[in-house]
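One structure is given here, and the rest of the page talks about it.
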Amino acid sequence: MKKLQVVLAIFTILLSILGYVLTEKPPHIVFMVADDLGWNDIGFNNPDIITPNINRLAKSGIILNHAYVQPLCSPSRSSFMTGWYPFRLGMQHIVLGDRQNACLPLDRTLLPQVLKKNGYKTHAIGKWHLGFCKWECTPNYRGFDSFQGYYASREDYYTKSHNDGFDFHKNKEVYWQANGTYSSYFYRAAVEKIIAQHNATDPLFLYFPIQSVHEPLQVPDHYYNMYPNIKPKGRRIFSGMVTALDDAVGHLIHSLNMKGILDDTIIFFTADNGGWVPYHGNNYPLRGGKITIWEGGTRVPAFIYGKDIVKADARYDGLMHAVDWFPTIVEAAGLNYNDPNMDGVSLWKSITELSPSPRSEIVYNLDNKTIPEEGHAAIRVGDMKLIVGIPGLFNSWYKPDQDWDKPLPKTDYSDIDELFEEMVEKKPDWRLYRGLFNLSADPYEYINLYWQQPETVSKLEKRLEYHYSRMVPANYPPNDPASNPKYWGGVWSPGWC
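Shown next as C-alpha cells:
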C-alpha cells in the first residue's frame, strides 16, 4: 500500500513538472448583459428600484464598483466577445446599423469559440447586434450551438419588429412564434428550457444579452403599477422594465437551482453602456449617459456570483473594462488561452482575492470619423481622465425625476446619423472641448483641471498617441438597399452581402 502511495505521489509530481494540471470539473457559466441599464437603475445602487433577485445575487457575490464599458452597444459587445478595444476592430463609431454591410471582423476568435473548443455547450439568448449581413456574421457561425433572439439594435417588445421588418430567429430559422409575447417573458422561458434540457455533465455557457431595458418604453401593467410614486410616466415605465428584467433573473436562478447546478455556476452580470437619458435611463450622480464618454455613459452596474467561489457581500474597487470579461471568464472556466494581441487582462484572481487590479489604464474611445457623436477621445491612467474633443450628446447631470417625456425627435435608426449630427451641430463649442478630471477626488466630473495640470495632460496625451498608432479606420459603410426587409419576406435577414 505504501509503495502505491509513493508511486502516485511521484506520478503527480512528474505531471506537475511536465506542465500538466489535474483540474476539477469546469463550472457552468452565465454571462448576462443588460441593455442600457444605468448606474442609478438597479436596486443595489438605488433602493427606489425593485430588483430583489439581482440584489440577492449581488450581495451573495462581489459588486464590481468600477466596471467600465464603451459608450454604446455594438462597441461594448465587440469587446465582450473578443477582448479587444473597438478602435482596433473598426467598431468604434456609433453602432452597427441594420442596413450596413459590416459585422464584427470574421478573423477574430470569439469567447464562445474558445469555450466550445474546450467542451462547453454554448447558447445565446437575446440581442446580437454585431452584424448580420451574411450568415457567417451571425451567432450560429461564431461559436454558439444555439441562438434565439434578434440580430439588430432594437425592436418592439411584443411584435419583434422595427423599421418595417420582423427580427427574430431561432438558430437560422425565422421564428414568428415569438410575435405577441413580451420579450422578457419569452426569454426567461427560453432560458428555462435550455437549462432543463442541458446535460449537466457537460459545462454550460449561457450568453444572455436580454433586450431589457432598451427603448421602446414598453412594460406589462403589473410592473408599471409597482411604481405609483414615480411621477414622470416614462421613468415609471422604465422602472417597471427593470423589475421585469429582475424577474427574468429570478427565473434563471430558479432554473439553475431546479437543475441542481446553481452551486456549480458562476454568473457574470454587466450592462453594455450607461442609461439613455431621453428614454429615462439614469446614471445619477454620475455625469452624462449613453452616447457619451462621461462616467455616466461608461461606468455601469456589474457583479459576479459564484457560491464558495467568490467572496460574498463584497465590493471590488479595482478597474475593469469590457475587454477584460473575455480573459476573466476564460480563467474562471479553468482554461488557458493566450492572445498576445488582446487588450483585455484577466481579473479573476484579483477579484476573487480582492487584490489590486492589474489594470491601471482605460481607453474610453477613439473615433476620428466625423462626427464622433458618442465621444471623440478619452483615456484614464490611474485616477486621471483626459477628454479630447466632443464628449458625446448628453453632458450634464440628470436626476431620475427629471421629466424627459419628450424623447428624441426621430427614432428611425436608419436616420440615426442625421439625428446625431444635427444634435452635435447645435453644440459647436464641444468640438474644441478639453477636460482633465481626478476621478478619485471628483468621481462626478465637476472640476476641470485641464489648464492647471499641463504635465498630467502631456502624459495622458502621449498615451492617447500610442493608442492612435494602433487604431484602424471605423468600418461604417453607407446603408445597402439590398438589406430592405421587403426583399426578404418582411424579415431582417442575412444574405445580402
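For the sequence shown, the residue numbers in mature numbering (1 follows the signal peptide of the UniProt record, and there is no 0) are -23 to -1, 1 to 474.
Think of the CB as a built atom: it goes at the ideal place given N, C-alpha and C, for glycine as much as any other residue.
Since the structure is predicted, the reported quantities are computational estimates derived from the model, not experimental observations.
Simplified DSSP assignment, three categories, for residue i
i	result
residue 150	strand
residue 212	helix
residue 339	strand
residue 91	helix
residue 375	coil
residue 200	helix
residue 464	helix
residue 218	helix
residue 319	coil
residue 227	helix
residue 271	coil
residue 281	strand
residue 348	coil
Residue interval of the beta strand (DSSP E) (run including residue i)
i	result
residue 123	123 to 127
residue 81	Segment: none, residue 81 is in no beta strand (DSSP E) and carries neither H nor E.
residue 6	5 to 11
residue 361	361 to 365
residue 440	No beta strand (DSSP E) holds residue 440; the alpha helix (DSSP H) holding it covers 431 to 445.
residue 100	98 to 104
residue 292	291 to 293
residue 245	242 to 248
residue 415	411 to 415
residue 451	Counting along the chain, residue 451 falls outside any beta strand (DSSP E), and DSSP gives it neither H nor E.
residue 355	354 to 358
Rounded straight-line distance, which links the Cα of residue j to that of residue i
i	j	result
residue 407	residue 98	47 Å
residue 187	residue 90	21 Å
residue 5	residue 472	34 Å
residue 260	residue 52	19 Å
residue 62	residue 173	36 Å
residue 161	residue 254	22 Å
residue 132	residue 424	39 Å
residue 466	residue 248	33 Å
residue 298	residue 136	34 Å
residue 146	residue 437	45 Å
residue 470	residue 151	8 Å
residue 358	residue 451	24 Å
residue 364	residue 155	43 Å
residue 67	residue 448	8 Å
residue 65	residue 343	9 Å
residue 88	residue 60	8 Å
residue 272	residue 462	37 Å
residue 442	residue 23	38 Å
residue 125	residue 179	21 Å
residue 208	residue 380	8 Å
residue 194	residue 177	37 Å
residue 104	residue 83	19 Å
residue 278	residue 352	21 Å
residue -7	residue 314	In this prediction, residue -7 has a pLDDT of 39, which is less than 50 and means its spatial position is unreliable; what the coordinates show is noted afterwards. Roughly 20 Å separates the two Cα atoms.
residue 337	residue 361	10 Å
Beta carbon of residue i nearer than 8 Å to that of residue j
i	j	result
residue 410	residue 367	yes
residue 168	residue 185	yes
residue 14	residue 252	yes
residue 49	residue 267	yes
residue 233	residue 95	no
residue 29	residue 223	yes
residue 35	residue 21	yes
residue 307	residue 444	no
residue 240	residue 284	yes
residue 301	residue 324	yes
residue 127	residue 144	yes
Cβ neighbours of residue i in the same chain (closer than 7 Å, five flanking residues each side left out)
i	result
residue 426	413, 414 and 415
residue 482	In the structure displayed, the chain extends from -23 to 474; residue 482 sits before or after that span and is not available.
residue 454	77, 78 and 79
residue 377	17, 212, 259 and 261
Own chain, CB closer than 6 Å to residue i, minus 5 neighbours either side, in chain order
i	result
residue 287	38, 39, 281 and 329
residue 229	168
residue 182	6, 92, 97 and 99
residue 70	344, 346, 451 and 453
residue 45	275, 276, 298 and 339
residue 460	76 and 473
residue 175	181
Endpoints, alpha helix (DSSP H) assigned at residue i
i	result
residue 167	160 to 174
residue 57	50 to 59
residue 33	29 to 36
residue 459	Run containing residue 459: none; DSSP gives neither H nor E here.
residue 72	No alpha helix (DSSP H) holds residue 72; DSSP gives it neither H nor E.
residue 185	No alpha helix (DSSP H) holds residue 185; the beta strand (DSSP E) holding it covers 181 to 185.
Chain-order list of residues whose beta-carbon lies under 8 Å from that of residue i (same chain, five-residue window excluded)
i	result
residue 219	14, 18, 19, 26, 27, 28, 189 and 190
residue 457	76, 77, 78, 110, 473 and 474
residue 333	295 and 327
Contact with chain B by residue i, beta-carbon distance below 8 Å
i	result
residue 112	Annotation note: the requested chain B is absent from the structure, which comprises a single protein chain.
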